[in-house]
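See structure below.
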Amino acid sequence: MTEDRRTGAKIPNFNTLSTLIDRLTIENVKLAHFENALEHDGPTGAQRIELERKIAVQHEVIQELKKEIVAFLEESFVTGRYEYLKEERTFA
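Numbers given in the working numbering equal positions in the sequence shown, counted from 1, plus 1324.
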């Protein structure tokens, strides 16, 4: 994340800490699904290669999300601020 994108109020369901953690959780579930399929479904040939590719991509996505979370937390701790927009609900 570039420095200028991290400044300003965070937008719920877009760039808040909870959104990043939620995304990290989802990507880890996807990784587990692909690893389970590779280990237990007995894929061969092209299927095996595709699962291995998906696993590699998931590892990259997870690493990048971890970096984003670290940068997010560092910014919050260094500045002592965590500003966010209050999300209004359609139904109360």
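Ideal Cβ positions, reconstructed from N, Cα and C, are used throughout, including at glycine.
List the whole-angstrom C-beta distance separating residue i from residue j, where the pair is believed to meet the contact cut-off of C-beta under 8 angstroms.
| i | j | result |
| --- | --- | --- |
| Ile1393 | Leu1344 | 5 angstroms |
| Leu1362 | Glu1376 | 7 angstroms |
| Leu1389 | Leu1341 | The pair is not a contact, with the Cβ atoms about 12 angstroms apart (cut-off 8 angstroms). |
Is residue i buried or exposed, if buried means 16 or more other CB atoms sit within 10 Å of its CB?
| i | result |
| --- | --- |
| Leu1409 | exposed |
| Gln1371 | exposed |
| Thr1326 | Bear in mind that the predicted position of Thr1326 carries a pLDDT of just 43, short of 50, making it too unreliable to give a figure here. |
| Phe1415 | exposed |
| Asp1328 | Because Asp1328 sits at a pLDDT of 42, beneath the cut-off of 50, its placement in the model cannot be relied upon, and the following sentence gives the value as read from the coordinates. Asp1328 should be labelled exposed. |
| Val1402 | exposed |
To the nearest angstrom, how far is the alpha carbon of residue i from that of residue j?
| i | j | result |
| --- | --- | --- |
| Asp1365 | His1383 | 20 angstroms |
| Ser1400 | Pro1336 | 16 angstroms |
| Glu1413 | Phe1396 | Checking the displayed sequence, the identity of residue 1413 turns out to be Arg instead of Glu. Arg1413 and Phe1396: Cα-Cα distance of roughly 26 angstroms. |
| Ile1379 | Asn1339 | 25 angstroms |
| Glu1411 | Gly1332 | 15 angstroms |
| Gly1404 | Glu1398 | 9 angstroms |
| Ile1386 | Val1353 | 11 angstroms |
| Ile1373 | Asp1346 | 28 angstroms |
Using DSSP's beta-bridge definition, name the partner residues of residue i.
| i | result |
| --- | --- |
| Tyr1408 | Lys1334 |
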